[in-house]
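Quick notes on the structure that follows.
2 protein chains.
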Amino acid sequence: MSWIKYSQDCQFSLQNLPYGVFHLKTESPTQARPGVAIGDSVIDLKVLEQSGLFPFLKEHSPVFSKAHLNKFMSLGRPLWQQTRKTLIRLLSEDEPTLRDDPELRGKAVFKLDFVENLLPAKIGDYTDFYSSKEHATNLGKLFRPNDAPLKPNWLWIPVGYHGRASSVVVSGTPIRRPWGQTKAPTATQPTFKKCARLDFELEMAFFVGPGNELGVPIKMENAEDHIFGLVLMNDWSARDIQAWEYEPLGPFNGKNLGTTISPWIVTLEALEPFRVHSPQQEPAPLVYLKDAPENKSTYDINLEVWMGTKQTPVQKILHSNFKYMYWTMKQQLVHHTITGCNLRPGDLLGSGTISGPSEGEFGSLIEFSVGGKRPFKLGGEGGSERCFIEDGDSLVLKGFSLGDGFTVGFGDCAGQVLPSHEF
Amino acid sequence: MSWIKYSQDCQFSLQNLPYGVFHLKTESPTQARPGVAIGDSVIDLKVLEQSGLFPFLKEHSPVFSKAHLNKFMSLGRPLWQQTRKTLIRLLSEDEPTLRDDPELRGKAVFKLDFVENLLPAKIGDYTDFYSSKEHATNLGKLFRPNDAPLKPNWLWIPVGYHGRASSVVVSGTPIRRPWGQTKAPTATQPTFKKCARLDFELEMAFFVGPGNELGVPIKMENAEDHIFGLVLMNDWSARDIQAWEYEPLGPFNGKNLGTTISPWIVTLEALEPFRVHSPQQEPAPLVYLKDAPENKSTYDINLEVWMGTKQTPVQKILHSNFKYMYWTMKQQLVHHTITGCNLRPGDLLGSGTISGPSEGEFGSLIEFSVGGKRPFKLGGEGGSERCFIEDGDSLVLKGFSLGDGFTVGFGDCAGQVLPSHEF
Ligand SMILES: [Ca+2]
Ligand SMILES: [Ca+2]
Ligand SMILES: [Mg+2]
Ligand SMILES: [Mg+2]
Ligand code: NI
Numbered sequence: 000m001s002w003i004k005y006s007q008d009c010q011f012s013l014q015n016l017p018y019g020v021f022h023l024k025t026e027s028p029t030q031a032r033p034g035v036a037i038g039d040s041v042i043d044l045k046v047l048e049q050s051g052l053f054p055f056l057k058e059h060s061p062v063f064s065k066a067h068l069n070k071f072m073s074l075g076r077p078l079w080q081q082t083r084k085t086l087i088r089l090l091s092e093d094e095p096t097l098r099d100d101p102e103l104r105g106k107a108v109f110k111l112d113f114v115e116n117l118l119p120a121k122i123g124d125y126t127d128f129y130s131s132k133e134h135a136t137n138l139g140k141l142f143r144p145n146d147a148p149l150k151p152n153w154l155w156i157p158v159g160y161h162g163r164a165s166s167v168v169v170s171g172t173p174i175r176r177p178w179g180q181t182k183a184p185t186a187t188q189p190t191f192k193k194c195a196r197l198d199f200e201l202e203m204a205f206f207v208g209p210g211n212e213l214g215v216p217i218k219m220e221n222a223e224d225h226i227f228g229l230v231l232m233n234d235w236s237a238r239d240i241q242a243w244e245y246e247p248l249g250p251f252n253g254k255n256l257g258t259t260i261s262p263w264i265v266t267l268e269a270l271e272p273f274r275v276h277s278p279q280q281e282p283a284p285l286v287y288l289k290d291a292p293e294n295k296s297t298y299d300i301n302l303e304v305w306m307g308t309k310q311t312p313v314q315k316i317l318h319s320n321f322k323y324m325y326w327t328m329k330q331q332l333v334h335h336t337i338t339g340c341n342l343r344p345g346d347l348l349g350s351g352t353i354s355g356p357s358e359g360e361f362g363s364l365i366e367f368s369v370g371g372k373r374p375f376k377l378g379g380e381g382g383s384e385r386c387f388i389e390d391g392d393s394l395v396l397k398g399f400s401l402g403d404g405f406t407v408g409f410g411d412c413a414g415q416v417l418p419s420h421e422f
Numbered sequence: 000m001s002w003i004k005y006s007q008d009c010q011f012s013l014q015n016l017p018y019g020v021f022h023l024k025t026e027s028p029t030q031a032r033p034g035v036a037i038g039d040s041v042i043d044l045k046v047l048e049q050s051g052l053f054p055f056l057k058e059h060s061p062v063f064s065k066a067h068l069n070k071f072m073s074l075g076r077p078l079w080q081q082t083r084k085t086l087i088r089l090l091s092e093d094e095p096t097l098r099d100d101p102e103l104r105g106k107a108v109f110k111l112d113f114v115e116n117l118l119p120a121k122i123g124d125y126t127d128f129y130s131s132k133e134h135a136t137n138l139g140k141l142f143r144p145n146d147a148p149l150k151p152n153w154l155w156i157p158v159g160y161h162g163r164a165s166s167v168v169v170s171g172t173p174i175r176r177p178w179g180q181t182k183a184p185t186a187t188q189p190t191f192k193k194c195a196r197l198d199f200e201l202e203m204a205f206f207v208g209p210g211n212e213l214g215v216p217i218k219m220e221n222a223e224d225h226i227f228g229l230v231l232m233n234d235w236s237a238r239d240i241q242a243w244e245y246e247p248l249g250p251f252n253g254k255n256l257g258t259t260i261s262p263w264i265v266t267l268e269a270l271e272p273f274r275v276h277s278p279q280q281e282p283a284p285l286v287y288l289k290d291a292p293e294n295k296s297t298y299d300i301n302l303e304v305w306m307g308t309k310q311t312p313v314q315k316i317l318h319s320n321f322k323y324m325y326w327t328m329k330q331q332l333v334h335h336t337i338t339g340c341n342l343r344p345g346d347l348l349g350s351g352t353i354s355g356p357s358e359g360e361f362g363s364l365i366e367f368s369v370g371g372k373r374p375f376k377l378g379g380e381g382g383s384e385r386c387f388i389e390d391g392d393s394l395v396l397k398g399f400s401l402g403d404g405f406t407v408g409f410g411d412c413a414g415q416v417l418p419s420h421e422f
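Same order as they appear, the protein sequences are chains A and B. The first sequence: position 117 = 116 (numbering that gives the first Met the number 0), numbered continuously. The second sequence: position 156 = 155 (numbering that gives the first Met the number 0), numbered continuously.
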């Protein structure tokens with residue numbers, strides 16, 4: 000238990016301690032610095048470091064002085080673990096250092112209500128995978144109704160594509176409905192218009208810790224050491240633009256209008272109690288993608304999609320679980336670097352949309368509305384019908400794992416869609 | 000004429016003045032700073048700025064103190080033009096400021112032989128287009144022999160994909176032959192092996208100047224103001240890996256093993272005398288991609304590919320021209336941002352492989368060797384046969400425009416292929 004009090008269902012427990020970057024609402028974004036969330040509070044890591052509370056980081060200091068966590072990410076697991084141990088001690092109810100020092104507490108502890116989050120890292124490169132078998136199958140059926148839903152490579156390769164790093168934004172940033180080229184299946188030529196099939200994608204993404212040199216792949220046995228932690232991710236998708244553009248070089252404008260991540264990075268240490276086996280892989284992966292069978296290389300994380308409109312309050316519409324992913328983060332990372340591609344601290348690797356096997360476990364509206372053919376209804380007075388996202392609609396992704404008497408949660412990954420600018 | 004003497008075929012004329020980032024070979028890379036190349040020399044812009052020779056940059060200073068040109072790129076065309084005008088004056092033969100000040104010259108002028116180039120910018124995002132009709136047609140025939148070579152969207156969209164920024168390297172960096180998954184057309188399952196069809200791609204790429212806010216597209220009439228200048232680019236490609244992985248999300252591991260650019264950025268100002276009309280576009284582009292017909296929106300730049308092996312000296316094997324590109328840089332940039340995708344100063348946008356209409360004007364070996372079926376021979380004693388790149392081979396791309404009594408050249412974009420590491 001911590002001297003910062005919170006309830007059992009609080010997302011930011013002492014067992015969690017997710018990392019983010021914040022500034023007080025009364026401060027300018029140039030004053031942002033790293034922090035850790037606990038209960039209804041955030042702990043200022045810059046102040047703790049300056050107060051000499053992380054002596055083991057000394058040779059790397061300052062680690063927490065910038066408005067991003069890239070340097071901390073580069074330090075690797077042993078120092079992450081030591082930092083976590085120190086934070087758990089400092090925040091434990093029987094530890095007086097912070098608890099009984101009102102001056103230090105005043106400088107280092109703030110209510111979350113009074114802070115603004117920025118992106119937790121400078122994202123050098125962002126990659127998005129496509130690792131849910133259920134999602135790839137659903138989407139294949141919709142995009143290529145006359146072909147086998149899974150391309151022949153899907154069961155062999157953690158298929159992914161390079162995404163757009165500049166348009167990754169933090170939860171709360173509004174998303175503007177894009178213009179683009181689309182072509183109706185029956186039309187003879189494309190049209191330039193506002194996106195009419197705007198969608199979300201329920202994903203998680205991990206931040207890379209230490210990177211690798213160009214030309215030197217990361218091996219499976221070391222893969223986990225390169226994973227710092229996870230966030231929720233909404234990969235906003237313009238389905239009509241994507242459908243017309245994606246052959247043969249993949250999604251481009253259909254995906255670069257904005258990608259929202261949750262502000263708090265939950266570390267692998269915090270997720271340790273929720274390790275589970277990943278789905279059985281058949282055919283067996285090629286040698287470089289092979290994980291030891293005893294390893295539990297994925298995590299049981301409950302995921303939820305909440306949606307609201309200008310009239311209707313935000314409500315839960317879908318749920319899923321991170322453990323459904325066919326390809327693990329370790330396999331994604333190893334595959335990404337097998338050509339020698341260099342990863343850098345702060346790179347972001349998205350899971351791909353996470354759909355599940357049963358009814359209601361879809362990770363996107365194109366799946367839920369069966370390609371826009373089966374509208375669903377949002378509850379409440381005057382509940383609206385939807386196939387895709389309309390202007391003013393809000394999407395909120397949530398994620399949490401339930402421990403024995405505590406919760407490890409991700410906070411909200413939220414965004415509201417604004418109407419297009421006129422062209 | 001300049002007081003720095005050079006011959007008429009020198010790539011770095013007073014009319015050129017390309018920007019790069021360099022350090023002396025005797026210095027550490029941490030001391031790198033921006034410079035301009037002229038004749039056999041480089042002019043240190045950090046020293047010129049510190050000496051007060053760019054008074055008009057004062058409110059932004061320091062502009063040239065870092066090991067990248069991103070800040071200068073962000074300033075926009077009027078300040079780029081003023082800087083160029085000042086450099087032309089300082090380097091003109093009748094201007095004594097530098098010419099007659101041996102102390103300043105000693106601090107600010109170095110022989111290119113004694114310097115090392117780094118990447119000229121911090122590349123936030125790298126995008127690669129596919130804008131040569133000849134190349135897209137050739138590749139379509141090879142990758143999809145039973146389909147129409149151009150996908151239906153090609154004549155409507157400057158097709159592109161998000162590339163890997165971390166693996167963009169400067170000319171001279173060795174490239175390691177990658178491992179990866181490939182599947183022979185006749186095989187029932189893929190194999191994990193060393194790439195057997197390693198290729199180059201002859202491209203040019205432009206650096207973005209001022210960027211745009213997320214959600215706010217760049218319009219055609221302003222597009223040119225966002226283009227800082229061009230480099231040569233070799234988009235190394237593992238054809239066997241690419242062929243197996245690319246459906247449906249596009250090239251990934253086939254392209255992230257390394258992308259080489261030439262170190263000196265030739266500005267649009269320097270290319271101004273070489274403006275030409277781009278190819279007639281039929282069908283006419285949609286409204287947002289429409290350029291005024293009187294605009295000459297592309298450039299006449301001669302391109303050459305030189306190749307050598309461990310036994311055979313580097314020799315010219317192919318040639319092409321930037322003016323063949325069907326889609327212009329302005330159209331690529333406008334299309335990229337039409338969804339609101341934000342570009343940032345220092346982003347790199349590649350042209351795609353530039354093949355031409357006639358024999359010998361191919362931009363890749365997969366085209367030149369007809370998919371690996373027609374080996375070509377390198378001249379010289381014991382001249383080797385090649386379909387793709389072998390270990391130890393070197394590729395050098397060259398580019399230049401011939402003015403009236405002067406040359407505007409790009410310098411070399413060179414790289415040698417090293418054998419794979421053992422797995
Ligand atoms: Ca996605
Ligand atoms: Ca290319
Ligand atoms: Mg996105
Ligand atoms: Mg490349
Ligand atoms: Ni259910």
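Glycine included, C-beta positions come from ideal geometry on N, C-alpha and C. A quick note: this is a predicted structure, and the numbers were derived from the prediction, not measured.
Cα-Cα separation between residue i and residue j, rounded to whole angstroms
{"i": "Gly210/B", "j": "Ala120/A", "result": "20 Å"}
{"i": "Ile300/B", "j": "Ser91/B", "result": "25 Å"}
{"i": "Pro424/B", "j": "Gly391/B", "result": "Outside the displayed span of chain B (0 to 422) sits residue 424/B, for which this structure offers no information."}
{"i": "Leu16/B", "j": "Arg88/B", "result": "12 Å"}
{"i": "Cys412/B", "j": "Ser393/B", "result": "11 Å"}
{"i": "Phe273/A", "j": "Lys132/A", "result": "22 Å"}
{"i": "His334/B", "j": "Ser170/A", "result": "26 Å"}
{"i": "Phe321/B", "j": "His276/B", "result": "12 Å"}
{"i": "Pro77/A", "j": "Gly51/A", "result": "19 Å"}
{"i": "Pro101/B", "j": "Trp263/B", "result": "26 Å"}
{"i": "Ser350/B", "j": "Ile388/B", "result": "22 Å"}
{"i": "Leu68/A", "j": "Ser261/A", "result": "15 Å"}
{"i": "Glu223/A", "j": "Pro216/A", "result": "14 Å"}
{"i": "Gln80/A", "j": "Glu48/A", "result": "16 Å"}
{"i": "Leu347/A", "j": "Tyr125/A", "result": "5 Å"}
Identity of the residues DSSP links to residue i by a beta bridge
{"i": "Thr297/A", "result": "Val275/A"}
{"i": "Tyr125/A", "result": "Leu347/A"}
{"i": "Val198/B", "result": "The sequence shown places Asp at residue 198/B, rather than the Val named in the question. In the DSSP output, where bridge partners are listed per residue, Asp198/B has Ser236/B."}
heavy atom of ligand 7 below 7 Å from residue i C-beta
{"i": "Thr136/A", "result": "Ligand 7 is absent from the structure shown, which contains only ligand 1, ligand 2, ligand 3, ligand 4 and ligand 5."}
Proximity below 8 Å, CB of residue i to CB of residue j
{"i": "Met203/B", "j": "Gly379/B", "result": "no"}
{"i": "Gly402/B", "j": "Gln30/B", "result": "no"}
{"i": "Met232/B", "j": "Lys289/B", "result": "no"}
{"i": "Asp43/B", "j": "Ala107/B", "result": "yes"}
{"i": "Val207/B", "j": "Gly345/B", "result": "yes"}
{"i": "Thr181/A", "j": "Thr259/A", "result": "no"}
{"i": "Leu270/A", "j": "Val416/A", "result": "no"}
{"i": "Gly123/A", "j": "Ala164/A", "result": "yes"}
{"i": "Leu111/A", "j": "Leu103/A", "result": "no"}
{"i": "Ile316/A", "j": "Trp326/A", "result": "no"}
{"i": "Pro33/B", "j": "Phe63/B", "result": "yes"}
{"i": "Ala283/B", "j": "Thr338/A", "result": "no"}
Expected contact under 8 Å - CB spacing of residue i and residue j to nearest Å
{"i": "Arg83/A", "j": "Thr266/A", "result": "7 Å"}
{"i": "Ser368/A", "j": "Cys386/A", "result": "4 Å"}
Does the pairing of the segment 221 to 229 of chain B with the segment 247 to 254 of chain B give three or more beta-carbon distances under 8 Å? The segment 221 to 229 of chain B vs the segment 247 to 254 of chain B: no contact.
Evaluate contact between the segment 135 to 144 of chain A and the segment 170 to 178 of chain A, counting only Cβ atoms and requiring at least three cross-stretch pairs below 8 Å. With contact defined as three or more Cβ pairs closer than 8 Å, the segment 135 to 144 of chain A and the segment 170 to 178 of chain A are not in contact.
Indicate whether the contact test is met: 3 or more Cβ pairs, each with one atom in the segment 29 to 45 of chain B and one in the segment 4 to 11 of chain B, closer than 8 Å. With a cut-off of 8 Å, the segment 4 to 11 of chain B and the segment 29 to 45 of chain B count as touching, because enough Cβ pairs lie within range.
Sufficient close CB pairs (3 or more, under 8 Å) joining the segment 14 to 25 of chain A to the segment 110 to 127 of chain A: Contact between the segment 14 to 25 of chain A and the segment 110 to 127 of chain A is present, because at least three Cβ pairs lie under 8 Å.
Take every Cβ of the segment 299 to 314 of chain A, pair it with every Cβ of the segment 51 to 69 of chain A, and state whether three or more of those distances are shorter than 8 Å. Short answer: they don't touch.
With three or more beta-carbon pairs closer than 8 Å as the criterion, would you say the segment 148 to 155 of chain B touches the segment 192 to 203 of chain A? Two segments are said to touch when three or more pairs of C-beta atoms, one from each, lie closer than 8 Å; by this definition the segment 148 to 155 of chain B does not touch the segment 192 to 203 of chain A.
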